[in-house]
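Here it is in structure tokens:
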């Protein structure tokens, strides 16, 4: 994969930050990239989000995916994806 996924991940980082979450793009030694997300109000609430292309022609080209590989949200809408992540990582009472 080129840097297309990096740019999409960076857009997600911006949206997550706007929702009060700590987020950054992490690149592993193998070159794999993902967004590490932490709720600063409950640091045990974390998630790693990847961005992958799809092979199915009738679906959007790129998707944000949960750490277990399930598609979460189309990468064309990082704000929508950030809202989902924020909801999942919300602490009780947030």
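In the numbering used here, the protein residues as written are 1 to 94. C-beta: ideal position from N, C-alpha, C; glycine also. Everything numeric in this text was worked out from a predicted model, so none of it was measured.
Worksheet item: What beta strand (DSSP E) runs, 3 residues minimum, are completely inside the segment 34 to 70?
Response: 46 to 53, 62 to 65
Fill in: Same chain, Cβ closer than 8 Å to residue 62, five either side skipped, listed in chain order
Position 62 of the chain shown, counted from the start, is the residue given in the question as residue 62. Closer than 8 Å at the Cβ level, and outside the excluded window around residue 62, lie 4, 5, 8, 51, 52, 53, 54, 74, 75, 76.
Worksheet item: By Cβ distance below 8 Å, which residues in the same chain neighbour residue 37 in space, the five residues on each side in sequence not counted?
Response: Here residue 37 refers to the residue found at position 37 of the chain shown. Excluding residues within five positions, the ones whose Cβ falls inside 8 Å are 16, 21, 22, 23, 46, 47, 48, 49, 85, 89.
Item to complete: Could you tell me the distance, in whole angstroms, from the CA atom of residue 93 to the CA atom of residue 41?
Response: One-based indexing of the chain shown puts residue 93 at position 93. One-based indexing of the chain shown puts residue 41 at position 41. The straight-line gap from Cα to Cα measures roughly 11 Å.
Worksheet item: Out of curiosity, what's the CA-to-CA distance linking residue 64 and residue 32?
Response: Start at 1 with the first residue of the chain shown, and residue 64 comes out as number 64. Start at 1 with the first residue of the chain shown, and residue 32 comes out as number 32. Their Cα atoms are separated by approximately 14 Å.
Worksheet item: Excluding five sequence neighbours on each side, which residues of the same chain lie with their C-beta closer than 6 Å to the C-beta of residue 19?
Response: On the chain shown, position 19 is the one that residue 19 refers to. Excluding residues within five positions, the ones whose Cβ falls inside 6 Å are 82, 86.
Practice prompt. Can you tell me the Cβ-Cβ gap for residue 26 and residue 13, rounded? I've got them flagged as a contact below 8 Å.
Written response: Along the chain shown, one-based indexing puts residue 26 at 26. Along the chain shown, one-based indexing puts residue 13 at 13. Actually they are not in contact, since the Cβ atoms of residue 26 and residue 13 sit about 10 Å apart, beyond 8 Å.
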